[in-house]
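Sequences listed follow chains U and B, in order. Okay, so the first sequence: first residue is 7 according to the numbering used here, each after it adds one. Okay, so the second sequence: first residue is -3 according to the numbering used here, each after it adds one. Even for Gly, the Cβ is constructed at its ideal location relative to N, Cα and C. It should be emphasised that the depicted structure is a prediction, and the values quoted were computed from it without experimental measurement.
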Amino acid sequence: MTGAGFEFFQQIINGLAVGAVYALIALGYTMVYGIIELINFAHGEIYMMGAYGGIIILAALMALGLPLGLALSFALLGTLLLTGLYGVATERLAYRPLRGASRLAPLISALGMSIFFQQYVLLSQGARDKIFPVELSSGGFSAGGVKVSYIQAAILLVATLLMVGLTLFVGKTRVGRAMRATAQDPVMASLSGVPVNGVIALTFFIGSSLAAVAGFMIAMYYGKVNYLVGYMAGLKAFVAAVLGGIGNIPGAMAGGLVLGVVESLAAGYIGGEYKDVVAFGILIAVLIVRPEGLLGTRLPEKV
Amino acid sequence: MDYLRRIAAIVAASLVIAGMSSCGPGRHVVRVAVIGPMTGEQAKQGKDMADGARLAVEEWNAKGGILGKRIELLVGDDAQDPKQANSLANKMWTMGVVLVVGHYNSSCTIPASEIYNLRHMVMITPASTNPKVTDRGYKTLFRVCGRDDQQGLVAAQYVVRFMPGAKVTVLHDKTTYGQGLADEFMANYEKLSAKKVVYYGAIVKEDQDYSAVLTSLKPLDPDLLYFGGLYPQAGLLVRQMRQLGLKAILMAGDGTYDPEFIRIAGANNAEGSLLTFMPDQEKIPGAQAVIASYRKRFGEVGPYSLYSYEAMNIGLSGIAKAGALDGLKAAAAIHSSSFETVFGPISFDAKGDVLDSPYVVWRVESGRLVQIPYK
């Protein structure tokens, strides 16, 4: 393959791997927005805590002498559950008491939670980078000079499985129907016997677990995290959710992947410093030109 | 109401005055300071500096202090932020400090040193290597580490000698230190080899993902990537190069000298990486006694621990020789003498730099940094 062609495809692969992570985080934003119309600004921190949880559990399992594959799977599962519970606790403590208050109150509460989580991790884990405890292979699949590393392949595979699973769950199961009903009209849903509080808690649990998986995989990919990574990742995922149409689950997936690829191409062909310019330029353009996003439908007045 | 307000004003004013008077050093204390990044991602470097300075101060106090007084060490946290560095410099002046060991980042040292120069305070940096730190010719500024033009030259000499015909690329992190060092390397390399580097670019330090710029490098098939920057970014660069299938060797400067570099990159990925740093402290016979007492007191010796220790020793010797708490006199005393340090004798040129270039080349071998012979 020619140099230019190779470079283009490699940038797309790099972008898809990061985009899949954005998409997983964006799902949490969009599900929560879909159901209680709250932009959960603490969601980036949930992602960061998912990464920390995974690293801590993995280090403990490795110390116990578990084989690598088993330790990785259990660490992923452990951080998924733990971080899901953090999400549920956030909803219970910081958002539910404010339900029915003005729309600004839970938004500010979300910002407060975000700062709380950041400082909590800073104080309990320290300011230094947390390093992924095992060294994974840098190998991968090569075709015509384009390389997909094993870690990138794992990210794409896991993200695809989760997205398919989530789509089936929301679209085909009884609980998924309860979620959709709550999103459409919580009062009517509760009159029909849907346990609205339980459904909202479940939504937070699923959204936070997906963010935890994203955090764990990014820790695996970059080899380190620190207590500040949630901020920018959260903002980017928010852009992805808006790009896809906030409140729309397939939209968040598409938005994440598109954002990842566009960022990667911008960094490769314009310059690394323009990556964020392009990402947030997209946010502004979408809000002006097509506020309902790529896949969204126009809804009556929301924040 | 008006009466109450007046009383409140008087109370407030008296509190301010009381606060100010408690700021100045007591009659039986000499105040010195060590300033570096005590929090944030460089917190370890800050702690190493503080511990080194503390060891020196404890030794001086054990021998009876200085000018008949006890020495009190203040520790300042500039959080690698130039604004914070400036306000700390002013604060140290109001607290009567005459000697500052610091800062770590050149981007903090340069603005803060304007204040030290203005207030005639002696400043000795153990770690800031940007040439501009001393090139302004301030009388009370010194550094015990080397300069980026010296380490850029050593790196270029190494590459020209041991990797002839290599395709060389250069990246930096856009900081005062990183870009300065990358430029020094590039200028020296192009002069010595009479060849151009095939790529010169930058990364965004706050970013975690450099695969886009590395992908642009890949078609050039580089043999060497010279990086001006610090270890967290250097570690990520090596890791992402290997994931993209780039075989180029990374070479960097003293900011990458940290075991964390290898842990972030992964030991297999980092194997063969090169960097310039001062000589191996474990191999300096004169340093072993100090290293032993440092270990006993604080634990592992960091890359800048001993430089901070000697910076404090030199500063205090200057004050002792001047015989007065006077920054200008102490600086003159430092300029005119030679100091016996764990690194051997140190004396300063007119700008405040050490006379001999201290840099040697290190390589990652089996997951550890090892000083390698060259020249």
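Item: Unbroken stretches of the alpha helix (DSSP H), 4 residues or longer, contained in the segment 193 to 235 of chain B; Value: 207 to 213
Item: Inter-residue spacing [alpha-carbon to alpha-carbon] between U/I157 and B/A108; Value: 44 Å
Item: Buried versus exposed call for B/F223 [16 or more other C-beta atoms within 10 Å across all chains shown]; Value: buried
Item: Under 7 Å by beta carbon: chain B residues contacting U/K153; Value: L240, G241
Item: Three-state secondary structure assigned by DSSP to B/E110; Value: helix
Item: B/L365 to B/Q277 span [Cα, whole Å]; Value: 12 Å
Item: Three-state class that DSSP yields for B/T252 in the structure shown; Value: helix
Item: Against chain B: residues of the segment 122 to 145 of chain U by CB proximity under 7 Å; Value: A133, R134, D135, I137, E141, S144
Item: Members of the segment 45 to 61 of chain U that neighbour chain B once the beta carbon cut-off is set at 7 Å; Value: none
Item: Cβ separation of U/T55 and U/P139, assumed to be a contact under 8 Å, to the nearest whole Å; Value: Residue 55 of chain U is actually Met in this sequence, not Thr. Actually they do not touch by this definition, with Cβ atoms about 17 Å apart.
Item: Which listed residue (B/L240, B/L226, B/Y185) has its alpha carbon closest to that of B/V209; Value: B/L240
Item: Residue environment, U/M194, which counts as buried when at least 16 other CB atoms sit within 10 Å; Value: exposed
Item: Rounded C-alpha distance that separates U/P256 from U/T173; Value: 8 Å
Item: Beta-bridge pairing of B/Q367 - partner residues as DSSP gives them; Value: B/W358
Item: B/T171, DSSP secondary structure in three states; Value: coil
Item: Contacts of U/Y228 in chain C (Cβ-Cβ under 9 Å); Value: Looking for chain C here will not work: the only protein chains present are U and B.
Item: Short Cβ contact (8 Å threshold) for B/A261 with B/D219; Value: no
Item: Nearest to B/K243 (by Cα), restricted to the options B/F257, B/P215, B/I258; Value: B/P215
Item: Residue burial classification, B/T172 (beta-carbon count within 10 angstroms, cutoff 16); Value: buried
Item: Local Cβ density within 10 Å of B/H99, reported as buried at 16 or more and exposed below that; Value: buried
Item: Sub-8 Å separation of U/G21 and U/E269 beta-carbons; Value: yes
Item: Given B/A266 as reference, the closest of B/M274, B/F273, B/Y253 once Cα atoms are compared; Value: B/Y253
Item: Chain U contact for B/K40 (CB, 8 Å cutoff); Value: yes
Item: Residues sharing a beta bridge with B/D73, DSSP; Value: B/G32
Item: Distance between B/D322 and B/V200 (C-alpha atoms, nearest Å); Value: 43 Å
Item: Where the beta strand (DSSP E) through U/K153 begins and ends; Value: 152 to 155
Item: Rounded straight-line distance, which links the Cα of B/D345 to that of B/V129; Value: 14 Å
Item: is_contact[B/I31, chain U] using C-beta, thresh 8 Å; Value: no
Item: C-beta neighbour in chain U for B/S362, strict 8 Å; Value: no
Item: C-alpha distance - U/L241 paired with B/R115, whole-angstrom precision; Value: 44 Å
Item: Own chain, CB closer than 8 Å to U/I18, minus 5 neighbours either side, in chain order; Value: V267, S270, L271
Item: Test: U/S314 CB closer than 8 Å to a CB of chain B; Value: Nothing can be reported for residue 314 of chain U, as the shown portion of chain U is limited to 7 through 309.
Item: U/H49 versus U/Y39 - alpha carbon distance; Value: 12 Å
Item: Straight-line gap, B/E361 to B/S269 (C-alpha atoms, nearest Å); Value: 8 Å
Item: Beta carbon proximity, B/G36 to chain U, threshold 8 Å; Value: yes
Item: Distance between B/A327 and B/Y355 (C-alpha atoms, nearest Å); Value: 25 Å
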